[in-house]
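Here's the structure we're looking at; comments come further down.
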Amino acid sequence: MTAERSVSRVFCALLIPLLTVLAAQAVAEIEPEQMGSTTMAAPQPHWLITIGDSASIWDGDTGELQGNVNISDYTSGVAIDRERGLIYAPGSYYSRATYGERTDVLVFTDIETLAPVAEVVVPTKLAAVFHRAVINPVGTDFIGLYNMTPAMSVSIVNVENRSFVGEISTAGCALVYPAPGRRFMQICGDGTLQLITLGRDGRETDRIRSEVFFDPETDPVFDYAVPKDDGWILISFAGLVFEVSIDDEITIAEPWSLLTEEDEEDSWRIGGHEVFAYNSARDVLLTLMHQGGEYGHEDRGTSIWAYDFSNQRRGYQIELTEPTATIAVSSDEAPLLFVVAPESESLEVRNAVTGRLLRTIKEAGTPYLLQRF
Amino acid sequence: MNKLIALLDARVARSTRSLAKRVSRRGFLSRFGAVLVGVGAFPLLPVVREAAAANDIPELGDPQNCDYWRYCAFGGNLCSCCGGSHTKCPPGTEASPVAWVGTCRNPADGKQYLISYNDCCGKTSCGRCNCHRSEGDTPIYAPSKSNNILWCFGTQSHSYHCTVALIYGESSQVS
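Chain order of the listed sequences is L and G. No gaps in the numbering here: position 358 of the first sequence is 598 in our numbering, and each next residue is one more. No gaps in the numbering here: position 53 of the second sequence is 106 in our numbering, and each next residue is one more.
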């Protein structure tokens with residue numbers, strides 16, 4: 241052993257205990273961190289809810305996940321009540337996960353804490369269908385829940401006193417689309433629309449039907465509708481756009497086509513799951529398009545086409561990097577377009593007016609259902 | 054996992070091959086229109102099984118393959134890949150007595166048959182052999198042909214597992 245090595249060992253023997261003491265003192269001087277929970281910021285117009293295994297709230301401006309709302313295995317839509325600060329989620333639950341006693345409920349979740357705060361038990365008839373319009377507000381105090389057993393009906397819940405009001409039979413007519421006042425609209429299998437009015441107690445007081453305006457056999461409309469200022473927009477499988485206005489009656493304007501003759505010759509079609517979106521502040525309609533044959537109404541879109549809605553004129557077209565079935569647009573004056581990218585499990589955020597890609601949110605899952613806040 | 058999402062994966066995930074493009078929509082709808090009469094009084098599953106068993110219908114094709122002739126309007130997981138068969142639910146699952154329907158041509162005899170697609174229910178999704186050839190699929194407001202519905206009605210649980218394809222009769226017999 242050399243003298244140099246010997247000195248080194250002595251140095252280490254002294255230094256290590258010294259560092260240990262100093263480290264212990266440093267730990268002692270730091271106050272341990274405390275766990276806790278965050279709460280939600282105030283809802284923003286660019287927030288979006290994706291529905292998959294949970295209902296996830298995203299901020300389109302930052303791409304950050306804000307929080308998750310508990311939903312059941314059978315939930316495909318929620319309703320947001322800004323006034324009461326609540327999110328309503330219908331759900332079906334079994335006592336043994338996949339079997340046992342079934343309970344259907346409307347769960348009230350606090351919008352700030354995202355914690356469930358109340359629930360109302362409803363008949364075990366909630367429809368298990370892939371559609372956001374299984375739940376919607378009816379006026380300010382009621383929620384309509386679409387039932388299917390397969391008989392079709394709507395359960396009404398009073399959210400002010402948190403009670404089940406009753407069930408309204410809606411044979412042949414599906415879903416719940418809100419209308420001004422205590423009313424909701426439905427699409428019917430005979431090619432009409434139905435409008436049901438509730439009284440102050442939430443019971444049905446009136447119902448009217450529109451004229452037959454589409455042929456369910458030759459060219460059905462999508463069961464997906466998007467709101468405009470005075471009603472709803474519906475589009476048929478062949479690309480006819482129906483503008484529905486609701487006042488005392490249901491008025492349906494003469495349809496116009498998304499497709500030119502040249503588009504039809506090139507086999508362009510509309511298709512997907514949530515296949516179109518509309519922003520009334522900028523009057524822009526967005527549609528998911530692909531080239532294909534018949535029965536393509538569920539085929540994923542390869543392009544997004546933007547229309548100046550009132551002028552019925554097409555603006556930009558976006559060629560997507562991967563086909564998708566689902567788009568949504570925010571409702572503000574600087575709208576964001578959200579596009580699910582199912583293969584890469586991401587969510588594209590675009591400027592809805594220019595079509596420009598702003599950001600891509602990774603690890604967003606593969607939600608089939610989007611709901612703007 | 055969200056059962057609706059699992060089912061949507063199975064129902065809507067497109068197979069690479071689709072016979073849909075070969076059949077005209079008008080042709081399908083006219084055939085379907087002819088069988089709608091029978092839907093309202095659709096028999097319970099045991100009755101369907103007996104009816105199919107009583108007929109000596111020639112078979113040609115693999116029931117574990119989405120191309121099998123009975124699956125022309127199918128959407129979901131093939132029960133033949135999940136411990137059951139194309140006519141029987143896997144062990145421990147319960148067949149829904151309510152079904153959506155299609156009309157398929159049997160290549161072995163060239164005849165058109167009315168097929169009922171019944172979901173098997175009560176367990177989590179099988180997840181195997183996704184098959185989607187439902188060219189006659191309709192929106193939710195016309196449910197008898199709609200794939201976007203979980204068809205576990207009249208069962209103890211409406212948890213979706215897989216789907217079978219049962220011959221109900223020759224389409225000409227129903228019209």
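For each residue, glycine too, the CB sits at the ideal point set by N, CA and C.
- Classified as buried, L:Gln306 has 16 or more neighbouring CB atoms from the shown chains inside 10 Å of its CB.
- Note on geometry: alpha-carbon atoms of L:Arg336 and L:Ala373 lie some 28 Å from one another.
- At least 8 Å separates the CB of L:Ile510 from every CB of chain G.
- The residues Leu326, Phe348, Thr349, Asp350, in chain order, have a CB closer than 8 Å to that of L:Val357 in the same chain once the five nearest residues on each side in sequence are set aside.
- The beta carbon of L:Glu457 is closer than 7 Å to none in its chain, skipping five residues each way along the sequence.
- Following the DSSP letters along the chain, one finds L:Glu359 in no alpha helix (DSSP H) but inside the beta strand (DSSP E) bounded by residues 356–362.
- Each of G:His185, G:Phe206, G:Gly145 was checked against the Cα of G:Ala126, and the nearest Cα belongs to G:His185.
- Annotation for L:Glu501: the continuous alpha helix (DSSP H) segment containing it runs 501–505.
- The Cβ atoms of L:Gln531 and L:Trp545 lie no closer than 8 Å to each other.
- Apart from sequence neighbours up to five positions away, the residues of its chain that approach L:Asp381 with a beta-carbon distance below 7 Å are Asn398, Val399, Glu400, ordered along the chain.
- Residues of the region 184–197 of chain G whose Cβ lies closer than 7 Å to any Cβ of chain L, in chain order: Glu188, Asp190, Thr191, Pro192, Ile193, Tyr194, Ala195, Pro196.
- The DSSP-derived three-state label of G:Cys184 is strand.
- Residue environment for L:Ile270: exposed (fewer than 16 other C-beta atoms within 10 angstroms of its C-beta).
- The criterion of a C-beta distance shorter than 8 Å is not satisfied by G:Trp204 and G:Trp122.
- With respect to the 8 Å criterion, L:Phe424 and L:Val378 are classified as neighbours on the basis of their beta carbons.
- Those residues of the region 449–475 of chain L placed with their C-beta closer than 9 Å to a C-beta in chain G are Pro456, Glu457, Thr458, Pro460, Val461, Phe462, Asp463, Tyr464, ordered along the chain.
- Secondary structure note for L:Met392: its beta strand (DSSP E) is the uninterrupted segment 392–398.
- Within the model, the alpha-carbon separation for G:Ile220 versus G:Gln209 is close to 24 Å.
- Going by beta carbons, G:Asn130 and G:Ser149 fall outside the 8 Å limit.
- Listed along chain G, the residues sitting closer than 8 Å to L:Leu415 by beta-carbon distance are Ile193, Tyr194.
- The beta-bridge partner set that DSSP reports for L:Thr600 consists of L:Glu588.
- Contact annotation for L:Pro390 against chain G: Val151, Pro196, Phe206 [CB-CB distance below 7 Å, chain order].
- Under the Cβ criterion of 8 Å, L:His530 is not counted among the residues facing chain G.
- L:Glu323: not part of any beta strand (DSSP E); DSSP gives it neither H nor E.
- G:Gln209 reaches chain L at Tyr339, counting residues in chain order whose Cβ is nearer than 8 Å.
- Taking C-beta atoms as the reference points, L:Ile383 and L:Tyr417 fail to come closer than 8 Å.
- Annotated as distal: L:Ile375 and L:Leu433, with beta-carbon spacing of 8 Å or more.
- Below the 8 Å Cβ cutoff, chain L contributes Tyr314, Ala368, Val369 as neighbours of G:Leu203, in chain order.
- Secondary structure note for L:Leu525: its beta strand (DSSP E) is the uninterrupted segment 524–531.
- Around the beta carbon of G:Gly175, 16 or more other beta carbons sit within 10 angstroms, so the residue counts as buried.
- Counting only runs of at least 3 residues, the region 458–509 of chain L fully encloses the following beta strand (DSSP E) elements, listed from N- to C-terminal order: 466–468, 471–475, 480–486, 490–492.
- The continuous beta strand (DSSP E) containing L:Gly555 extends over residues 553–564.
- Secondary-structure assignment with DSSP links L:Gly307 through a beta bridge to L:Ile297.
- The DSSP assignment places 128–130 as complete runs of the beta strand (DSSP E) inside the region 113–146 of chain G, in order along the chain (cut-off: 3 residues).
- In the DSSP assignment, L:Met425 forms a beta bridge with L:Tyr417, L:Leu435.
- Beyond the five residues adjoining it in sequence on each side, L:Ala368 comes within less than 6 Å, by CB distance, of Tyr314 in the same chain, given in chain order.
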